[in-house]
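Trainee: This is the structure I have questions about; it appears just below.
Protein chains: 2
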Amino acid sequence: MTIGALAREGGVGVETVRYYQRRGLLDTPDRSGGNALSGGVRRYGPGDLRRLRFIRQAQASGFTLEEIGELLALDAGHDRPRAQALATARIKALDAKIAELQAARTALQKLAQDCAHSDGPCPIISAFEA
Amino acid sequence: MTIGALAREGGVGVETVRYYQRRGLLDTPDRSGGNALSGGVRRYGPGDLRRLRFIRQAQASGFTLEEIGELLALDAGHDRPRAQALATARIKALDAKIAELQAARTALQKLAQDCAHSDGPCPIISAFEA
DNA sequence: ATGGGGTCTGTACCATAGTACGGAGTCAAG
DNA sequence: CTTGACTCCGTACTATGGTACAGACCCCAT
Numbered sequence: 001m002t003i004g005a006l007a008r009e010g011g012v013g014v015e016t017v018r019y020y021q022r023r024g025l026l027d028t029p030d031r032s033g034g035n036a037l038s039g040g041v042r043r044y045g046p047g048d049l050r051r052l053r054f055i056r057q058a059q060a061s062g063f064t065l066e067e068i069g070e071l072l073a074l075d076a077g078h079d080r081p082r083a084q085a086l087a088t089a090r091i092k093a094l095d096a097k098i099a100e101l102q103a104a105r106t107a108l109q110k111l112a113q114d115c116a117h118s119d120g121p122c123p124i125i126s127a128f129e130a
Numbered sequence: 001m002t003i004g005a006l007a008r009e010g011g012v013g014v015e016t017v018r019y020y021q022r023r024g025l026l027d028t029p030d031r032s033g034g035n036a037l038s039g040g041v042r043r044y045g046p047g048d049l050r051r052l053r054f055i056r057q058a059q060a061s062g063f064t065l066e067e068i069g070e071l072l073a074l075d076a077g078h079d080r081p082r083a084q085a086l087a088t089a090r091i092k093a094l095d096a097k098i099a100e101l102q103a104a105r106t107a108l109q110k111l112a113q114d115c116a117h118s119d120g121p122c123p124i125i126s127a128f129e130a
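Line by line, the protein sequences are chains A and B.
The first sequence begins at 1 in this note's numbering and counts up by one.
The second sequence begins at 1 in this note's numbering and counts up by one.
Right, dumping it as structure tokens:
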């Protein structure tokens, strides 16, 4: 598959794939088909797609691209403790973030209700006022 | 209070306060005390502090600075429907984000457990491989 | 064999939310 | 009345994660 197909299947833009390549997260296969000296086009395999999807999933888990790079650099099972450490650290961070968002949600919900039902000034707007 | 005190009480840096001023989120009082022509220092009151704290809380709820600017621009109660719309939109977004993070957490937890107990290659690392 | 769409490379630009810095001016305590 | 900390202002820079060209070049179908 070409870069365009890879991007489409991975749900990202072509430029994003190239960006990941620049970041070292995806590799850049040789331009095959060409007779050297500005050969053909780069072809990608299913492994590249899996890797791209992994990146997106890890990103959805809140890993930064830098951390994802580290995960990808730990070659198959060689550094389990490190992988586990990254995972558990991320789980902790996720728990903290979830709690924070839930607190924010509760506060916002209350504010919205007060705004709808109270007689005074809308507390969303005046929450910061005297 | 001076800008330094305001920043300290608000839990941000001085530069951040100035940045919020540039963004129009906080106002910039006159330099009082001076005899004009490069007068004294700007003084801030408790209203400024409340406003700063409001900004930080709204930010914790996931509002962008731009949205916060909009909230602040709706003067006391005049545009309740808009304020409510912003709040409920944000609550929806929070719910979606919380669900997403919870899903990610579950997936990551399973991966970490598999990594600890399985015999094969660590699935955190090889999740993207053949 | 030709035309249109995809690809390649490099560089530049974007948004968001700050952070840093230089040089001048100002305030407040000793 | 000096000294040291703080403030002011403008500008520039940072990090993160992309996005957008331009100008070549290439590939495949007709």
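Just so you know, even glycine gets a beta-carbon here, dropped at the ideal spot from N, CA and C.
Since we're looking at a predicted model, the values are computed, not measured.
Check each candidate in A:Ala-85, A:Leu-71, A:Arg-82 and name the one with the smallest Cα separation from A:Arg-51.
Mentor: The option with the nearest alpha carbon to A:Arg-51 is A:Leu-71.
Trainee: Give me the Cβ distance between A:Gly-10 and A:Arg-56, rounded to the nearest whole Å; I'm assuming they're in contact under 8 Å.
Mentor: With a Cβ gap of about 7 Å, A:Gly-10 and A:Arg-56 count as contacting.
Trainee: Alpha carbon to alpha carbon, how far is B:Ile-68 from A:Leu-86?
Mentor: Roughly 34 Å separates the two Cα atoms.
Trainee: For A:Leu-49, which residues of its own chain have a beta-carbon under 7 Å away from its beta-carbon, when the five flanking residues on both sides are left out?
Mentor: Answer for A:Leu-49: Leu-6, Glu-9, Gly-10, listed in chain order.
Trainee: If the cut is a Cβ gap below 7 Å, which residues of chain A does B:Ala-116 touch?
Mentor: Under the 7 Å cutoff, chain A gives Gln-84.
Trainee: Would A:Ala-104 be called buried (16 or more neighbouring beta carbons within 10 Å of its own) or exposed?
Mentor: That one is buried.
Trainee: What do you get for A:Arg-90, buried or exposed, if any count of 16 or more other CB atoms within 10 angstroms of its CB means buried?
Mentor: The residue is buried, with at least 16 neighbouring Cβ atoms inside 10 Å.
Trainee: Pull the bridge partners of B:Arg-42 from the DSSP assignment, please.
Mentor: Its beta-bridge partners are B:Arg-31.
Trainee: For B:Asp-79, which of helix, strand or coil comes out of DSSP?
Mentor: If DSSP states are grouped into helix, strand and coil, B:Asp-79 belongs with coil.
Trainee: Is the separation between the beta-carbon of B:Arg-1 and that of B:Arg-43 shorter than 8 Å?
Mentor: Checking the sequence, you will find Met at residue 1 of chain B rather than Arg. In contact: B:Met-1 and B:Arg-43 (Cβ atoms closer than 8 Å).
Trainee: Are the beta-carbon atoms belonging to A:Leu-26 and A:Gly-62 less than 8 Å from one another?
Mentor: No. Outside cutoff.
Trainee: For the candidate residues B:His-117, B:Thr-106, B:Gly-24, whose alpha-carbon lies nearest to that of A:Ala-58?
Mentor: Taking only the C-alpha atoms, the option nearest A:Ala-58 is B:Thr-106.
Trainee: What number of angstroms, rounded off, separates the C-alpha of A:Val-17 from the C-alpha of A:Lys-92?
Mentor: Each residue's Cα considered, the two are about 29 Å apart.
Trainee: Less than 8 Å between the C-beta atoms of B:Arg-22 and B:Leu-65, yes or no?
Mentor: For B:Arg-22 and B:Leu-65, no; Cβs fall outside 8 Å.
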